[in-house]
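The opening residue of the sequence shown carries number 276 in my numbering; numbering runs sequentially from there.
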Amino acid sequence: MNRPATLLDDVLTLNDDDEPTQKGRLILVEDCVETSGAFVLHHLIKRFLSSSDNIVLFVAFSHPFSHYDRILRKMGCNLAAQRENKRLLFFDMLMLECPDDGVEGGLIALYGNIYKAVEVNSSNKNVTIMIDDISLLEVAANGSTKDVLNFMHYCHTLTTQFGCTIITVLHEDIYSSGDEFTFPLQMEYLADITIKTEPLITGLAADVHGQLTILDKGTIGRSGSMKGKIHNFRYKIKENNVDYFYPGSRA
Numbered sequence: 276m277n278r279p280a281t282l283l284d285d286v287l288t289l290n291d292d293d294e295p296t297q298k299g300r301l302i303l304v305e306d307c308v309e310t311s312g313a314f315v316l317h318h319l320i321k322r323f324l325s326s327s328d329n330i331v332l333f334v335a336f337s338h339p340f341s342h343y344d345r346i347l348r349k350m351g352c353n354l355a356a357q358r359e360n361k362r363l364l365f366f367d368m369l370m371l372e373c374p375d376d377g378v379e380g381g382l383i384a385l386y387g388n389i390y391k392a393v394e395v396n397s398s399n400k401n402v403t404i405m406i407d408d409i410s411l412l413e414v415a416a417n418g419s420t421k422d423v424l425n426f427m428h429y430c431h432t433l434t435t436q437f438g439c440t441i442i443t444v445l446h447e448d449i450y451s452s453g454d455e456f457t458f459p460l461q462m463e464y465l466a467d468i469t470i471k472t473e474p475l476i477t478g479l480a481a482d483v484h485g486q487l488t489i490l491d492k493g494t495i496g497r498s499g500s501m502k503g504k505i506h507n508f509r510y511k512i513k514e515n516n517v518d519y520f521y522p523g524s525r526a
């Protein structure tokens, strides 16, 4: 099925339904209070569900299912139907609260559930794991950054074992300075692609809501070297979609 491509799709090479180019990669969406990255996650949910060969395993710490369903319906994607058809596996983690003496055990149990779901579905489908978001996962883990990083490293092994794609959101601005800021840096190191939503340097504008900076570390080529790419463009959020464009490309 051919769909209208956006600039974001072009940069992430998500235009070919038959060739999952981001298979086996970890995509990190970093945002801040001024420019929420939720619209990027919503776009990717719809994109990855658009192919019948894909299954999305969504781990929600931020909102209930009804929140995502309402937003995606406006975008032309019925999450309730996708869940009924078992193409969307929704893990509601809003009430997850690990006890002080059992943080590691709680996250291991969650990973075990994710692993089982991936193992069952990966034989004939491409599985994408989405986590919204790891900042709130850290809250559920009583602020244990170490345990959350261990959890993400465990999840990352699924990219090589089963060829999963992992997409997660991190609120960068809550890690202000010092030791706290090492968490975003460690996640950026783990990620193959980092998508940052940022306010414009020039301040607010009526026709531009912010800018996206996308760092793609690339893949190892035949020469053994890795060639990365950086893309920067702007966006405007509308009621049912988002416009992406390069600076100066609009009159």
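Where is the CB? At the ideal position from N, CA and C, for every residue including glycine.
Residue pairing from DSSP places Lys471 in a beta bridge opposite Glu305 and Thr488. Beta-bridge pairing by DSSP links Leu316 to no other residue.
Spatial neighbours of Leu411 in its own chain (CB-CB distance under 8 Å, excluding positions within 5 residues in sequence) are listed in chain order as Phe336 and Ser337. Apart from sequence neighbours up to five positions away, the residues of its chain that approach Ile346 with a beta-carbon distance below 6 Å are His317, ordered along the chain.
By the 16-neighbour rule on beta-carbons within 10 angstroms, Met370 is exposed. Taking the Cα positions, Asn353 is about 14 Å away from Phe365. The criterion of a C-beta distance shorter than 8 Å is satisfied by Asp344 and Ala355. Between the stretch 302-316 and the stretch 378-397 there are fewer than three C-beta pairs closer than 8 Å, too few to call the two in contact.
Note: Lys511 is bridge-paired with Asp518 in the DSSP secondary-structure output.
The closest CA to that of Gln436, considering only Ile409, Arg300 and Thr281, is found on Arg300. Taking 8 Å as the cut-off, the beta carbon of Met350 is found closer than this to the beta carbon of Asn515.
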